[in-house]
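Notes follow the structure.
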Ligand SMILES: [Zn+2]
């Protein structure tokens with residue numbers, strides 16, 4: 038007997054997330070059919086095809102994009118403002134340091150006070 042199995046619907050009559058009630062119809066002792074009712078408002082659906090099953094309306098929970106690897110992609114403009122391209126960025130074996138803000142930074146940080154490092158400054162002083 039599967040009549041009482043709970044099936045989630047989004048009722049087309051009352052608009053609520055509800056359950057489908059299957060109510061067997063008997064002619065004497067003979068089952069002649071089922072009434073398909075909304076548990077919330079009692080709306081009767083003429084046939085199985087008219088029942089707004091929730092699964093049909095629901096977007097896929099697990100999308101391909103959710104599973105994709107978290108890869109950091111920098112826009113061209115953003116990449117140019119990375120700390121490692123900044124004149125204030127100093128790197129030594131132990132720390133990556135911002136001269137301007139006197140704080141530790143990451144090479145991939147970006148900063149509103151970014152000032153582009155010139156080719157000249159990039160070379161170690163002789
Ligand atoms: Zn309803």
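Residue numbers (this note's numbering): 38 to 163.
All C-beta atoms in this analysis are idealised placements derived from N, C-alpha and C, irrespective of residue type, glycine included.
These numbers come from a predicted model, not from an experiment.
Residue from the options whose Cα sits closest to the Cα of residue i
i           : options            : result
residue 86  : 73, 131, 153, 80   : 73
residue 75  : 142, 154, 46       : 46
residue 90  : 146, 154, 54       : 54
residue 122 : 63, 145, 67        : 145
residue 49  : 79, 133, 152       : 79
residue 71  : 81, 65, 59, 154    : 59
residue 129 : 57, 81, 118, 142   : 142
residue 154 : 140, 139, 132, 118 : 118
Where residue i sits in the DSSP three-state scheme
i           : result
residue 53  : coil
residue 91  : helix
residue 39  : With a pLDDT of 47 at residue 39, under the threshold of 50, the modelled position of that residue is not reliable, and the figure given next carries that caveat. Reduced to three states, the DSSP call for residue 39 is coil.
residue 144 : coil
residue 48  : coil
residue 59  : strand
residue 86  : helix
First through last residue of the beta strand (DSSP E) which encompasses residue i
i           : result
residue 67  : 67-75
residue 135 : 133-135
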